[in-house]
Amino acid sequence: MRNLWKFVRASLKMTYREKIAMFWLFMFPLLLILLFGAIFSSSGQTNISIGIVNLDNSRVTREIVKRLEGVTAFKIKRGNERQLSRNLADNKLDAVLVLEKGFESSMLAHQPGAATISTNRTNPTVSQIASAALKQIIGEISVGMAKQFTPNVIGPGDIVEIAEKSVTSHKLRYIDYMVPGILAMTLMTSGMLGLSLSFVQNREKGVLRRIKASPLPLSRYIGSEIIAAFMLSLMQAIVMLLVGWVVFKMRIHGNWLYMAFIV
Numbered sequence: 009m010r011n012l013w014k015f016v017r018a019s020l021k022m023t024y025r026e027k028i029a030m031f032w033l034f035m036f037p038l039l040l041i042l043l044f045g046a047i048f049s050s051s052g053q054t055n056i057s058i059g060i061v062n063l064d065n066s067r068v069t070r071e072i073v074k075r076l077e078g079v080t081a082f083k084i085k086r087g088n089e090r091q092l093s094r095n096l097a098d099n100k101l102d103a104v105l106v107l108e109k110g111f112e113s114s115m116l117a118h119q120p121g122a123a124t125i126s127t128n129r130t131n132p133t134v135s136q137i138a139s140a141a142l143k144q145i146i147g148e149i150s151v152g153m154a155k156q157f158t159p160n161v162i163g164p165g166d167i168v169e170i171a172e173k174s175v176t177s178h179k180l181r182y183i184d185y186m187v188p189g190i191l192a193m194t195l196m197t198s199g200m201l202g203l204s205l206s207f208v209q210n211r212e213k214g215v216l217r218r219i220k221a222s223p224l225p226l227s228r229y230i231g232s233e234i235i236a237a238f239m240l241s242l243m244q245a246i247v248m249l250l251v252g253w254v255v256f257k258m259r260i261h262g263n264w265l266y267m268a269f270i271v
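In my numbering, each residue carries its 1-based index in the sequence shown increased by 8.
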């Protein structure tokens with residue numbers, strides 16, 4: 009066992025002395041993280057994704073949905089409340105509008121129609137924009153649709169009663185996906201090419217021939233190379249995750265034990 013660790017130490021020293029190998033092992037992945045992180049760490053958003061649940065399915069609510077689908081800044085998705093609420097929690101939607109049952113009948117009875125807007129508080133800017141835009145558009149549409157039923161309308165507040173609620177979820181940025189992706193690519197490349205190139209170089213230098221001539225089992229030498237490669241991969245993972253966390257405030261949600269097992 010002592011000979012095994014001597015070979016591990018020797019393999020690590022040989023890798024450390026190879027400056028080109030150290031560059032490809034550590035510097036190149038870090039350069040990728042810093043480059044793409046600086047470019048994409050704060051990406052913008054052009055459209056607001058809104059889910060609509062039409063529980064009333066009346067003439068008024070269908071017209072509201074139709075008008076909202078005509079707004080170019082909105083990307084509308086229809087579905088049931090449970091499905092769209094799950095999409096909102098998973099950051100696939102920015103807001104969910106629920107037109108409650110009895111919306112039109114309430115307007116006919118000179119009562120405000122009920123609607124609920126759910127937003128995701130992890131992105132407050134988009135949530136505020138989506139909520140304000142929905143309130144204004146729904147109010148304007150409802151006023152136009154209700155004039156024939158409620159001639160004494162003063163403003164949108166008399167026609168639509170909008171309740172608001174918010175959910176909290178994990179907001180992932182581009183950098184949160186990119187760093188683990190580069191880490192996986194680097195570990196895969198090191199695993200496939202690192203060991204094979206090491207064996208080829210040692211064969212060219214005559215190291216393998218001398219090991220075969222010694223009483224040391226060849227399997228022990230191969231085991232030492234595998235352990236050394238594993239230790240280098242572990243150091244790569246630690247360095248890259250630290251850079252992502254310190255420089256770009258990368259967030260990793262989930263079980264760290266699972267991630268360590270995968271690495």
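Quick reminder that beta carbons are idealized off the backbone N, C-alpha and C, glycines included. Since we're looking at a predicted model, the values are computed, not measured.
Subject >> Same chain, Cβ closer than 7 angstroms to A138, neighbours up to 5 away in sequence not counted >> reply: Looking up residue 138 in the sequence shown gives position 130. The residues are I56, I58, D102, A103 and T127.
Original post:
Run through DSSP, which three-state label would L105 get?
Top reply: Here the question's residue 105 lines up with position 97 in the sequence shown. In this structure, L105 counts as strand in the three-state DSSP scheme.
**OP:** Quick one: using the 10 Å Cβ neighbour count with 16 as the cut-off for buried, is P326 buried or exposed?
**Re:** Any question about residue 326 goes unanswered here, given that the chain covers just 9 to 271.
Original post:
Is the segment 181-198 close to the segment 242-254, with three or more CB pairs under 8 angstroms?
Top reply: yes
**OP:** Give me the Cβ distance between A221 and S19, rounded to the nearest whole Å; I'm assuming they're in contact under 8 angstroms.
**Re:** As a working note, residue 221 is residue 213 in the sequence shown. As a working note, residue 19 is residue 11 in the sequence shown. No, A221 and S19 are not in contact; Cβ-Cβ is about 19 angstroms, not under 8 angstroms.
Subject >> Range covered by the beta strand (DSSP E) that runs through S174 >> reply: Counted from its first residue, the sequence shown places residue 174 at position 166. That run of the beta strand (DSSP E) goes V168 to V175.
Original post:
Helix, strand or coil: which one does DSSP assign to I41?
Top reply: To locate residue 41, count along the sequence shown from 1; it is residue 33. Helix.
**OP:** Since I believe E233 is in contact with S206 (beta carbons under 8 angstroms), could you give me their beta-carbon distance rounded to a whole number of angstroms?
**Re:** Counting from 1 along the sequence shown, the entry for residue 206 is found at position 198. Counting from 1 along the sequence shown, the entry for residue 233 is found at position 225. Their Cβ separation, rounded to whole angstroms, is 6 angstroms, which keeps S206 and E233 in contact under 8 angstroms.
**OP:** Run the CB neighbour count on Y229, radius 10 Å, all protein chains shown included, and call it buried at 16 or more, exposed below.
**Re:** Locating residue 229 in the sequence shown gives position 221, counting from the first residue. Result: buried.
Subject >> Inter-stretch contact (C-beta, 8 angstroms, three-pair minimum) for the segment 167-177 and the segment 102-120 >> reply: yes
Subject >> Per DSSP, cross-strand counterpart(s) of K85 >> reply: For the purposes of this step, residue 85 is identified with residue 77 of the sequence shown, where counting begins at 1. Paired residues: G59.
Original post:
When DSSP labels each residue in this structure, what does I65 get in the three-state scheme?
Top reply: Reading the sequence shown from its first residue, position 57 is the one you call residue 65. According to the sequence provided, residue 65 is Asn. The question's Ile does not apply to it. Under the three-state reduction of DSSP output, N65 falls in the coil class, being neither helix nor strand.
**OP:** Run the proximity test for T194: is its beta-carbon closer than 6 angstroms to any non-hydrogen atom belonging to the ligand FAD?
**Re:** Only the bare structure without any ligand can be found here, which leaves the ligand FAD out of the picture.
Subject >> Beta-bridge pairing of I72 - partner residues as DSSP gives them >> reply: The sequence position of residue 72 within the sequence shown is 64, counting from 1. Its beta-bridge partners do not exist; DSSP assigns none.
**OP:** List the DSSP bridge partners of S93.
**Re:** Here residue 93 refers to the residue found at position 85 of the sequence shown. Beta-bridge pairing links S93 to no other residue.
Subject >> Status (buried if at least 16 other CB within 10 Å, exposed otherwise) for L96 >> reply: Taking the first residue of the sequence shown as position 1, residue 96 is located at position 88. By the 10 Å Cβ count, L96 comes out buried.
**OP:** Can you give me the start and stop residues for the beta strand (DSSP E) that S126 sits inside?
**Re:** The count along the sequence shown starts at 1 and reaches residue 126 at position 118. Taken as a continuous stretch (DSSP letters only), the beta strand (DSSP E) holding S126 covers G121 to N128.
Subject >> Length of the line joining the Cα atoms of I190 and K100 >> reply: Position 182 of the sequence shown, counting from 1, holds the residue named residue 190. Position 92 of the sequence shown, counting from 1, holds the residue named residue 100. Roughly 24 angstroms separates the two Cα atoms.
**OP:** Check each candidate in V79, R211 and K27 and name the one with the smallest Cα separation from A141.
**Re:** Stepping through the sequence shown from its first residue, residue 141 is reached at position 133. Per the Cα distances, V79.
Subject >> Uninterrupted alpha helix (DSSP H) stretches inside the segment 184-235 (no shorter than 4 residues) >> reply: Taking only runs of at least 4 residues, the alpha helix (DSSP H) segments lying wholly in the segment 184-235 are 203-212 and 215-221.
Original post:
Which residue's Cα is closest to the Cα of K14: S198, M258 and L224?
Top reply: Along the sequence shown, read from residue 1 onward, the residue named residue 14 stands at position 6. When each option's Cα is compared against that of K14, the closest is L224.
**OP:** Please report how far the alpha carbon of M258 lies from the alpha carbon of V247, in whole angstroms.
**Re:** Against the sequence shown, residue 258 aligns to sequence position 250. Against the sequence shown, residue 247 aligns to sequence position 239. Their Cα atoms are separated by approximately 13 angstroms.
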